[in-house]
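Protein chains in written order, with the UniProt record's numbering: chain C, 1 to 422; chain W, 1 to 422.
Virtual Cβ for every residue (Gly too), placed ideally from N, Cα, C.
Keep in mind the model is a prediction, meaning the values are calculated, not measured.
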């Protein structure tokens with residue numbers, strides 16, 4: 001007897017799942033390990049930038065009032081009493097018609113209020129003393145980078161939940177974060193189900209295929225910013241599967257199974273969820289591929305029953321699991337980023353359900369186009385490896401034509417999106 | 001005495017560096033660690049896909065010749081002699097008017113040449129035997145996924161040098177790569193020079209700033225796919241710097257120093273290269289920021305003297321170091337990917353040198369726009385953390401206006417580009 005399931009729209013499925021999304025735990029890690037992690041607190045300036053008034057050039061620090069009489073026909077002479085590099089401070093007090101040779105980034109001597117660039121001066125020695133002269137008036141504040149003009153102590157520079165890129169690393173270092181509070185990587189357990197599955201090292205035997213979904217999901221979990229835990233594969237046996245899944249739930253933040261969610265005779269997942277007492281949020285979605293994705297929650301923990309079909313499994317992960325992972329990491333834009341792009345091919349056949357076509361976007365003359373990454377039969381196998389996007393073709397009575405604008409979800413983007421569903 | 005340097009164009013600088021680019025070493029790693037690494041050999045199919053003729057549906061495998069007389073008014077009856085799930089093979093031989101119940105993905109019994117979908121049949125029992133009937137003719141080959149129709153044994157599916165994404169992981173598993181030959185991560189040594197530098201954990205003191213470039217570059221190195229080795233910071237002292245750099249060269253594939261390349265009194269790098277006997281490829285580039293970037297080669301190994309200014313350092317890494325790393329990883333598109341985008345703001349002031357403006361791209365209605373990520377003074381500090389692109393504004397006599405198409409280099413993209421320079 002074939003069970004009758006009622007498909008729900010994709011946005012409703014995502015809503016049901018996001019109801020159980022929550023922010024996760026945090027941990028303090030050394031700055032040198034922070035690349036690619038997610039900030040678990042706002043990054044704040046612990047000091048003004050610049051931290052002190054400083055010279056933006058190699059030049060001479062002087063008192064601007066001493067230049068009052070300088071002009072093209074009247075050079076004013078200054079005695080150069082000291083030289084300071086970046087990282088040093090002046091030891092001497094600067095008096096009238098005295099100057100300090102100052103390097104880029106060095107702190108202004110307190111008596112000085114202007115810097116004159118090296119190129120505008122003439123340097124010479126007389127009686128063993130150093131002098132320079134200039135023929136130009138300076139105003140107070142000329143050529144000074146003032147303390148706090150770029151940012152002030154206490155300002156929030158990068159917000160909690162942001163992924164740490166090289167620029168954020170630089171800010172963390174600048175403001176003294178030698179340890180960084182980041183989101184602990186959520187753990188995602190993976191079980192592959194199906195008697196037909198071989199381990200990767202095994203040779204092919206009649207009727208069997210190698211377990212590829214587990215490795216694909218491992219990589220998707222890593223790309224999303226979490227920690228995969230592969231528990232192994234399960235044969236199609238109810239009791240074995242039930243016990244294994246029940247134990248696994250305790251060990252992870254999220255549990256994914258692949259396969260066993262269809263309505264075939266060996267698809268045990270629905271019954272396992274039932275026996276566990278887990279609440280099934282839905283077991284059919286109005287989408288292709290991935291319509292038989294089943295998601296349940298058990299004591300607030302999400303159990304994802306993804307399809308055993310690789311493409312369906314892939315899409316199911318990106319639409320439903322990724323936003324949960326990113327929310328655990330405090331990221332405010334947990335979903336795949338949605339953009340629009342010009343469709344490069346025809347999809348004349350209407351489809352009652354929304355299709356997610358593995359695709360590749362490309363850029364030309366300031367415009368974005370999208371084309372399926374598995375256009376013909378021989379590309380089916382590699383279509384996932386060549387995909388950097390999922391094209392979204394809403395279900396309905398019409399087909400889609402080359403040149404139309406369509407929605408596209410970016411797979412390799414790190415910025416994400418708040419809510420891509422209309 | 002200020003040394004006179006002659007700037008060379010950016011593309012020439014990159015050419016000079018790429019002359020020393022070479023492919024790096026390889027290593028064999030477990031499949032579960034391969035995400036984000038680069039293939040060091042072509043990924044080939046070790047078997048046909050599908051590996052055998054199989055059923056794409058749940059249904060019955062039959063001999064099509066037995067359906068010759070079936071039509072809407074004449075149901076043909078088949079005895080169901082066996083049932084096979086995915087991963088099993090039929091044990092019995094299928095004779096005339098016999099059928100085998102077959103699950104999605106299961107191997108076709110050799111006597112059968114068609115599959116009829118479950119929905120098109122009627123199932124019943126009689127005298128303890130199972131039967132099904134159907135009212136439709138089938139042709140030989142109907143509803144069969146044929147061996148090798150997706151790909152054939154020996155086909156190259158993904159090329160050497162490709163970054164391993166989740167789809168590639170799936171292919172590696174499918175084709176039995178339980179160990180994967182990948183490019184060994186090149187090691188990139190980092191020394192920060194400058195007496196003004198504090199360690200990150202140190203409190204600020206007058207005239208000093210924390211060493212942020214080293215952590216920024218660490219992250220850039222990781223993003224590029226290599227292994228950073230931070231050697232520490234060096235005070236502005238010739239002998240210390242010389243000895244440290246000389247030793248470090250032996251330990252890494254690439255050596256980066258930050259600071260000390262300007263023409264300030266404490267900029268020792270040029271002299272250190274000289275004493276080492278390293279060949280300086282260039283010491284000034286017609287670009288902003290990063291004009292004082294100095295690159296030398298010592299016995300074929302590249303020494304990158306990046307500027308101490310964070311933005312210049314950042315840009316110098318992405319333009320000059322990244323393509324060397326990616327070439328070591330066999331990637332055929334080692335440079336930052338170049339696209340064109342609509343300029344969102346005015347840059348009225350002409351600049352004699354090519355500018356690389358840290359920017360952020362955004363998408364709207366199928367078009368890409370670009371805007372500087374540090375538009376006003378207060379954003380200068382965070383402009384690198386918000387940058388996902390570098391806008392390229394070629395030097396010349398004219399400014400740039402809002403709405404113009406400009407070149408943009410993508411920082412977070414993994415596909416790269418063969419040669420972005422005209």
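**Message:** Distance cutoff 9 Å, beta carbons only. Does residue 315 of chain C sit that close to anything in chain W?
**Reply:** With 9 Å as the cut-off, residue 315 of chain C does not count as an interface residue toward chain W.
**Asked** Distance, Cα to Cα, residue 290 of chain W vs residue 307 of chain W?
**Response** In a straight line, the C-alpha of residue 290 of chain W is about 6 Å away from that of residue 307 of chain W.
**Request:** Compute the distance between the beta-carbons of residue 105 of chain W and residue 87 of chain W, then report whether it is under 9 Å.
**Result:** The answer is yes: Cβ separation under 9 Å.
**Asked** alpha helix (DSSP H) containing residue 12 of chain C: first to last residue?
**Response** First-last of the alpha helix (DSSP H) with residue 12 of chain C: 10 to 18.
**Item:** Cβ separation of residue 183 of chain W and residue 336 of chain W, assumed to be a contact under 8 Å, to the nearest whole Å
**Value:** In fact, because the Cβ distance is near 19 Å, the residues do not count as touching under 8 Å.
**Prompt:** Taking the Cβ atom as the reference point for each residue, do residue 223 of chain C and residue 35 of chain W lie within a distance shorter than 9 Å?
**Reply:** Result yes, Cβ atoms of residue 223 of chain C and residue 35 of chain W sit closer than 9 Å.
**Request:** Apply the 10 Å Cβ neighbour rule to residue 185 of chain W and answer buried if 16 or more other Cβ atoms are within range, or exposed otherwise.
**Result:** By the Cβ-count criterion, residue 185 of chain W is buried, with 16 or more other Cβ atoms from all chains shown falling within 10 Å of its own Cβ.
**Item:** Interface residues of chain W facing residue 133 of chain C [CB-CB closer than 9 Å]
**Value:** Listed along chain W is no residue with a C-beta nearer than 9 Å to that of residue 133 of chain C; the closest approach is about 17 Å.
**Prompt:** Among all the DSSP beta bridges, which residues are the ones paired with residue 392 of chain C?
**Reply:** Residue pairing by DSSP puts residue 392 of chain C in a beta bridge opposite C/356, C/407.
**Item:** Outcome for residue 317 of chain W when other beta-carbon atoms lying within 10 angstroms are tallied against a minimum of 16
**Value:** Buried: at least 16 other Cβ atoms inside 10 Å.
**Item:** Any C-beta of chain C under 9 Å from that of residue 107 of chain W
**Value:** So yes, residue 107 of chain W belongs to the interface.
**Asked** So, is the C-beta of residue 340 of chain C closer than 9 Å to a C-beta in chain W?
**Response** Yes, its Cβ sits closer than 9 Å to a Cβ of chain W.
**Selected residue, minimal CA-CA separation from residue 107 of chain C, among C/346, C/71, C/118, C/60** = Taking only the C-alpha atoms, the option nearest residue 107 of chain C is C/60.
**Asked** Does residue 143 of chain C have its Cβ less than 9 Å from a Cβ in chain W?
**Response** Between residue 143 of chain C and chain W, the shortest Cβ-Cβ separation is not below 9 Å.
**Prompt:** For a contact meaning CB atoms closer than 9 Å, what does residue 236 of chain W contact in chain C?
**Reply:** By Cβ distance, chain C contributes 85, 86, 87.
**Request:** Note down, in chain order, all residues in the stretch 336 to 365 of chain W with a beta-carbon under 7 Å from any beta-carbon belonging to chain C.
**Result:** Here the close residues are 339, 340, 341, 342, 363, 365.
**Message:** So for residue 34 of chain C, helix, strand or coil by DSSP?
**Reply:** When secondary structure is reduced to three states using DSSP, residue 34 of chain C falls in the coil class, being assigned neither helix nor strand.
**Asked** Is residue 316 of chain C helix, strand or coil by DSSP?
**Response** Residue 316 of chain C falls in the helix class under three-state DSSP.
**Through-space distance from residue 325 of chain C to residue 40 of chain C, alpha-carbon basis** = Rounded to the nearest angstrom, the gap between the Cα atoms of residue 40 of chain C and residue 325 of chain C is 14 Å.
**Message:** As a quick exercise: from W/323, W/122, W/198, W/213, pick the residue whose alpha carbon is nearest that of residue 79 of chain W.
**Reply:** Measuring from the Cα of residue 79 of chain W, the nearest candidate turns out to be W/122.
**Prompt:** Using DSSP with H/G/I as helix, E/B as strand and the rest coil, what is residue 297 of chain C?
**Reply:** Strand, per DSSP.
**Message:** When you compare the CB of residue 220 of chain C with every CB in chain W, is at least one pair closer than 9 Å?
**Reply:** It does: the Cβ of residue 220 of chain C has a partner Cβ on chain W nearer than 9 Å.
**Asked** Comparing alpha-carbon positions, which option in C/159, C/13, C/313, C/69 lies nearest residue 427 of chain C?
**Response** Examination of residue 427 of chain C is not possible in this model, given that chain C is present from 1 through 422 alone.
**Message:** Am I right that residue 327 of chain C and residue 21 of chain C are in contact with their C-beta atoms under 8 Å? What's the rounded C-beta distance?
**Reply:** Taking 8 Å as the upper bound for CB-CB distance, residue 327 of chain C and residue 21 of chain C are in contact here, some 4 Å apart.
**Request:** Identify, in the order they occur along the chain, each residue of the same chain with its Cβ nearer than 7 Å to the Cβ of residue 398 of chain C, setting aside the five sequence neighbours on each side.
**Result:** Around residue 398 of chain C: 350.
**Request:** Anything in the stretch 50 to 77 of chain C with a Cβ closer than 7 Å to a Cβ of chain W? List those residues in chain order, please.
**Result:** Taking 7 Å as the Cβ-Cβ cut-off against chain W, the residues of the stretch 50 to 77 of chain C that qualify are 51, 52, 58.
**Per-residue burial, residue 93 of chain W [other beta carbons within 10 Å of its own, 16 or more giving buried]** = The residue in question, residue 93 of chain W, is exposed, as its Cβ has fewer than 16 Cβ neighbours within 10 Å.
**Asked** Does any residue of chain C bring its CB to less than 9 Å from the CB of residue 111 of chain W?
**Response** Not closer than 9 Å to any Cβ of chain C, the Cβ of residue 111 of chain W fails to qualify, so no.
**Request:** From the DSSP output, in three-state form, read off residue 99 of chain C for me.
**Result:** In this structure, residue 99 of chain C counts as strand in the three-state DSSP scheme.
**Asked** What residues match up with residue 145 of chain C in a beta bridge as DSSP calls it?
**Response** C/54.
**Prompt:** Are the C-beta of residue 125 of chain C and some C-beta of chain W separated by less than 9 Å?
**Reply:** With 9 Å as the cut-off, residue 125 of chain C does not count as an interface residue toward chain W.
**Message:** With the cut-off set at 9 Å, would you say residue 296 of chain C and residue 286 of chain C are in Cβ contact?
**Reply:** Going by C-beta atoms, residue 296 of chain C is not nearer than 9 Å to residue 286 of chain C.
**Asked** Exposed or buried, which one is residue 47 of chain C when buried takes at least 16 other CB atoms within 10 Å?
**Response** Under this definition residue 47 of chain C is a buried residue.
**Message:** Suppose you measure from the CA of residue 269 of chain W to the CA of residue 194 of chain W; what does that come to, to the nearest Å?
**Reply:** Distance from the CA atom of residue 269 of chain W to the CA atom of residue 194 of chain W, rounded to whole angstroms, is 11 Å.
**Asked** Does residue 199 of chain C come within less than 9 Å of chain W when only Cβ atoms are used?
**Response** Interface residue, yes.
**Message:** For residue 323 of chain C, would you say it is in contact with chain W, using Cβ-to-Cβ distances shorter than 9 Å as the test?
**Reply:** Not an interface residue.
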